[in-house]
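> I'd like to ask you about the structure that follows.
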Amino acid sequence: ETGVTQSPTHLIKTRGQQVTLRCSSQSGHNTVSWYQQALGQGPQFIFQYYREEENGRGNFPPRFSGLQFPNYSSELNVNALELDDSALYLCASSQKEANSAKNIQYFGAGTRLSVL
Amino acid sequence: AQSVTQLGSHVSVSEGALVLLRCNYSSSVPPYLFWYVQYPNQGLQLLLKYTTGATLVKGINGFEAEFKKSETSFHLTKPSAHMSDAAEYFCAVSVNSGYSTLTFGKGTMLLVSP
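Keeping their order, the protein sequence lines are chains A and B. Residue 116, in the working numbering, is where the first sequence stops; the numbers in between run on with no holes. Residue 230, in the working numbering, is where the second sequence stops; the numbers in between run on with no holes.
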């Protein structure tokens, strides 16, 4: 049990719709990262938020956007859904420090999104 | 940019046998290395990590991994497999940049038979 909670656990949408996924980070953590895990693949980094600002981004189009709130919880928004967006979306929280690359990221159980 | 290669999408062992899951990485700067485990319908759980210092790292559930810089490897081992070890295992690398992120391999599914 990591203390990172995600909602909803499952979601079904149709192509072209918009979706919002939510993440509550572990107490004391100020950084949230989002990953997309397609079936049979490893997680791929979408973006990271630190103190309500986007702190880094992977190779995902602008229709993937996010927010981080003052309590460090976060949202992932995906517009104009495509079939290939079907995946498990994982949120991870961590405490950003000077040498942040070695910080442990704690993962939630994920939201499984199916796009029909 | 960094990358991770996990050899073998599936590894099958018998209960009590040695577990060896292979991970090779590519990085132009000193890496930090992680192994995560994912049970069905769950998120990722950290098994162990290498940052600096001792190259043999011990983790939870009897797993350990050895960082070998000359071989750019970070293989995961466990002397005796247990049925409860059946899961998917991911090796990941992180480097110091403007932000920290994990680059994962494609994962290895460990199957344990009685």
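Each residue gets a CB set at the ideal place from its N, CA and C atoms; glycine is no exception.
Is Leu76/A close to chain B, meaning its C-beta is less than 8 Å from at least one C-beta of that chain?
Counted from its first residue, the first sequence places residue 76/A at position 76. Judged by the 8 Å Cβ criterion, Leu76/A is not in contact with chain B.
> Contact between the segment 24-41 of chain A and the segment 132-152 of chain B is defined here as three or more beta-carbon pairs at a separation below 8 Å; is this criterion met?
No, the segment 24-41 of chain A does not touch the segment 132-152 of chain B.
> Under 8 Å, do Phe206/B and Leu160/B count as touching if we go by C-beta distance?
Along the second sequence, read from residue 1 onward, the residue named residue 206/B stands at position 90. Along the second sequence, read from residue 1 onward, the residue named residue 160/B stands at position 44. Against a cut-off of 8 Å, the Cβ pair of Leu160/B and Phe206/B comes out as a contact.
> Does the contact criterion of 3 or more C-beta pairs under 8 Å hold for the segment 70-87 of chain A versus the segment 7-22 of chain A?
Contact holds: three or more Cβ-Cβ distances are below 8 Å.
> Counting only Cβ pairs nearer than 7 Å, list the residues of chain B close to Pro121/A.
Given a span of 1 to 116 for chain A in the structure shown, any question on residue 121/A remains unanswerable.
> If you draw a straight line from the C-alpha of Leu113/A to the C-alpha of Gln158/B, how long is it?
Within the first sequence, residue 113/A is the residue found at index 113, counting from 1. Within the second sequence, residue 158/B is the residue found at index 42, counting from 1. Near 14 Å, if we compare the C-alpha coordinates of Gln158/B and Leu113/A.
> Measuring CA to CA, which of Asn30/A, Gly3/A, Ser27/A, Tyr35/A is closest to Ala87/A?
On the first sequence, residue 87/A is found 87 positions in, with the first residue counted as 1. Of the listed residues, the one whose Cα sits closest to Ala87/A is Tyr35/A.
> So which residues of chain A does Thr217/B contact, with C-beta pairs closer than 8 Å?
Start at 1 with the first residue of the second sequence, and residue 217/B comes out as number 101. By Cβ distance, chain A contributes Ser33, Phe45, Gln48, Gly56, Gly58.
> At a CB-CB cut-off below 8 Å, which residues of chain B make contact with Leu90/A?
The residue given as residue 90/A occupies position 90 in the first sequence. Near Leu90/A (Cβ distances below 8 Å), the residues of chain B are Gly159, Leu160.
> Kindly identify the DSSP beta-bridge partner or partners of His126/B.
By 1-based counting over the second sequence, the position of residue 126/B is 10. BP columns for His126/B point to Met225/B.
> What residues from chain A crowd round Phe206/B, counting only those whose CB sits closer than 7 Å?
Here residue 206/B corresponds to residue number 90 of the second sequence, with the count starting at 1. Result: Gly42.
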